[in-house]
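Protein chains in written order, with my numbering: chain Y, 1 to 495; chain P, 496 to 558.
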């Protein structure tokens with residue numbers, strides 16, 4: 001079944017508010033009607049099974065266009081709005097893009113000789129009554145999402161109608177979503193986590209508030225004003241809210257649950273949130289674009305008991321941590337997280353070799369290293385690519401980061417490996433200090449590390465930053481941090 | 496933000512300026528707070544949606 005038909009299959013009340021934004025709202029009737037109009041136009045103008053690029057922030061334009069591309073049997077290629085001109089040019093060329101939908105604000109990014117449509121197209125479309133999507137092969141590609149490239153070049157992840165429907169169904173199930181739920185969406189829809197918010201709430205007949213704020217702190221007001229029952233964030237979302245706003249002191253009365261994915265939130269922040277909002281459900285989750293979005297979740301009642309765990313596989317996903325021989329690990333051992341299920345991508349766009357590297361016998365190898373406890377709950381140790389190799393040791397940054405973050409006066413910490421002539425790589429910690437106290441210094445952090453960490457894990461240097469560089473999905477950009485330290489050291493000679 | 500000074504006017508706004516995104520906004524506010532030794536309230540951070548308003552809000556904190 002076409003994924004868009006799946007999303008609206010159970011829709012019962014066409015007059016219900018569906019997409020809300022500051023200046024108005026779209027009902028389900030408004031949305032499906034506009035999607036049908038555009039899908040019909042695309043069928044005539046473009047045909048089917050063609051790649052259509054979409055560049056937009058979270059707006060009604062994004063949602064209508066995204067759904068219409070999929071419904072017309074075409075393929076929605078989602079590009080981040082901060083994409084560089086060079087990367088955009090590469091995508092347009094390599095993906096043979098002939099049709100683009102670009103929010104007016106970003107029109108200056110596109111100079112190519114292709115058909116470009118913006119918001120002005122939508123009101124001009126002829127009304128179509130009862131558009132029927134062409135028969136869909138469940139395994140046909142519906143969406144290509146370009147991964148944020150935190151560990152390398154951008155890759156297009158091909159997701160099929162089946163991938164999208166399966167993962168949506170699983171997420172709806174474990175979050176217990178229903179038609180009364182309204183998500184406060186501040187995460188971009190051009191990434192899988194944000195897109196999953198849209199998918200799940202449309203599927204249950206719920207609603208989505210587009211919380212486009214100049215400052216993230218605005219979500220606190222939005223949750224109350226627009227009666228949002230759910231909120232989703234990546235680690236930086238919660239770290240910004242906790243450190244820069246009154247978030248933990250707020251009541252957030254309409255909110256039923258909060259969720260966090262997109263990287264590891266330091267345990268001290270998980271504890272702060274769970275303790276500040278004991279009556280709300282706080283879901284810690286784990287996912288990847290290659291798995292459509294979600295692979296695991298930790299039930300909210302275990303958040304403090306299993307602090308730091310990503311939980312277990314979601315319904316329909318077999319999540320296993322395997323050792324180097326391909327066997328499930330025992331508690332205390334370390335292995336790689338792997339996943340099987342109908343949510344695993346079809347492959348990387350026009351890259352069969354990289355696809356074969358990560359999908360073997362239908363199993364997706366995440367590249368994340370983890371251990372399990374006696375009850376099978378999974379704890380991520382680090383990303384295989386981030387492992388620091390220093391003096392013959394293989395060091396995961398996570399344990400060091402978690403420890404330094406726990407020191408009073410430290411807001412956040414990232415540990416990276418810097419090329420070192422003697423050690424191979426040197427462990428370097430980059431610390432964001434608490435602006436209020438600002439009393440923490442290099443000596444104190446190093447003293448505490450020496451008291452609590454084995455010698456090979458003690459950083460050889462501590463750098464302080466005001467803000468960490470983030471990539472477009474708001475994850476800390478480790479490559480940029482590493483490059484910046486190498487540049488600094490190069491200027492004064494590597495120690 | 497990499498915007499040439501001559502291109503900045505009071506109407507240069509977050510909504511229409513590609514370079515001015517939420518992360519840059521946060522960094523800009525942090526820089527103001529550090530440079531001027533002030534702490535800008537959340538409502539004002541949200542209200543700084545164009546250059547003219549940024550100036551007026553800063554003047555409020557500095558007078």
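Glycine is no exception: its CB is placed at the ideal position from the N, C-alpha and C atoms.
Endpoints, the alpha helix (DSSP H) within which residue i is located
i: residue 537 of chain P; result: 537-542
i: residue 28 of chain Y; result: 28-45
i: residue 365 of chain Y; result: Unbroken run through residue 365 of chain Y is the beta strand (DSSP E), 363-372; no alpha helix (DSSP H).
i: residue 192 of chain Y; result: 192-203
i: residue 221 of chain Y; result: 218-225
i: residue 449 of chain Y; result: 442-452
i: residue 119 of chain Y; result: Taken as a continuous stretch (DSSP letters only), residue 119 of chain Y belongs to no alpha helix (DSSP H), as it is neither H nor E.
i: residue 238 of chain Y; result: 235-244
i: residue 275 of chain Y; result: 267-276
Any chain P beta carbon closer than 8 Å to residue i
i: residue 237 of chain Y; result: no
i: residue 106 of chain Y; result: yes
i: residue 470 of chain Y; result: yes
i: residue 487 of chain Y; result: no
i: residue 478 of chain Y; result: no
i: residue 433 of chain Y; result: no
i: residue 213 of chain Y; result: yes
i: residue 467 of chain Y; result: yes
i: residue 217 of chain Y; result: yes
i: residue 356 of chain Y; result: no
i: residue 245 of chain Y; result: yes
Through-space distance from residue j to residue i, alpha-carbon basis
i: residue 538 of chain P; j: residue 216 of chain Y; result: 11 Å
i: residue 531 of chain Y; j: residue 447 of chain Y; result: Residue numbering for chain Y in the displayed model covers 1 to 495; residue 531 of chain Y lies beyond these limits and cannot be assessed.
i: residue 330 of chain Y; j: residue 363 of chain Y; result: 20 Å
i: residue 254 of chain Y; j: residue 502 of chain P; result: 43 Å
i: residue 109 of chain Y; j: residue 543 of chain P; result: 25 Å
i: residue 152 of chain Y; j: residue 256 of chain Y; result: Here residue 152 of chain Y scores only 48 on pLDDT, less than 50, and its place in the model should not be relied on; the value that follows carries that caveat. Their backbone Cα atoms lie some 37 Å apart in a straight line.
i: residue 522 of chain P; j: residue 465 of chain Y; result: 12 Å
i: residue 47 of chain Y; j: residue 4 of chain Y; result: 17 Å
i: residue 220 of chain Y; j: residue 247 of chain Y; result: 7 Å
i: residue 309 of chain Y; j: residue 379 of chain Y; result: 5 Å
i: residue 201 of chain Y; j: residue 172 of chain Y; result: 8 Å
Short CB-CB distance (under 8 Å) between residue i and chain Y
i: residue 518 of chain P; result: yes
i: residue 533 of chain P; result: no
i: residue 502 of chain P; result: no
i: residue 513 of chain P; result: yes
i: residue 498 of chain P; result: no
The beta strand (DSSP E) enclosing residue i, as first and last residue numbers
i: residue 413 of chain Y; result: 410-420
i: residue 286 of chain Y; result: 281-287
i: residue 350 of chain Y; result: Premise fails: residue 350 of chain Y is in no beta strand (DSSP E) and is neither H nor E.
i: residue 101 of chain Y; result: 99-102
i: residue 51 of chain Y; result: 51-55
i: residue 228 of chain Y; result: Here residue 228 of chain Y belongs to no beta strand (DSSP E), and DSSP marks it neither H nor E.
i: residue 18 of chain Y; result: 17-21
Per-residue burial, residue i [other beta carbons within 10 Å of its own, 16 or more giving buried]
i: residue 96 of chain Y; result: exposed
i: residue 529 of chain P; result: exposed
i: residue 506 of chain Y; result: The question about residue 506 of chain Y has no answer here: the residues shown for chain Y are numbered 1 through 495.
i: residue 73 of chain Y; result: buried
i: residue 510 of chain Y; result: The question about residue 510 of chain Y has no answer here: the residues shown for chain Y are numbered 1 through 495.
i: residue 123 of chain Y; result: exposed
Residue i Cβ short of 7 Å to the ligand ATP heavy atom set
i: residue 525 of chain P; result: With respect to the ligand ATP, the structure offers nothing, as it holds no ligand at all.
*Inspect the CB distances between the stretch 395-407 of chain Y and the stretch 343-361 of chain Y and report whether three or more fall short of 8 Å.*
They do not touch, by the three-pair rule.
*Would the stretch 386-399 of chain Y and the stretch 312-330 of chain Y be scored as touching if the rule is three or more Cβ pairs under 8 Å?*
no
*How about the stretch 80-97 of chain Y and the stretch 25-43 of chain Y: do they share at least three Cβ pairs that are nearer than 8 Å?*
Contact fails between the stretch 80-97 of chain Y and the stretch 25-43 of chain Y, because fewer than three Cβ pairs, one in each stretch, are under 8 Å apart.
*Does the count of Cβ pairs from the stretch 173-181 of chain Y and the stretch 471-488 of chain Y closer than 8 Å reach three?*
no
*Tell me, please, whether the stretch 455-474 of chain Y touches the stretch 424-440 of chain Y by the rule of three or more beta-carbon pairs shorter than 8 Å.*
yes
*Using 8 Å as the threshold, is the stretch 21-39 of chain Y in touch with the stretch 184-200 of chain Y, meaning 3 or more CB pairs across them?*
no
*Between the stretch 156-175 of chain Y and the stretch 338-346 of chain Y, do three or more beta carbon pairs fall short of 8 Å?*
Flag = yes, the stretch 156-175 of chain Y and the stretch 338-346 of chain Y touch.
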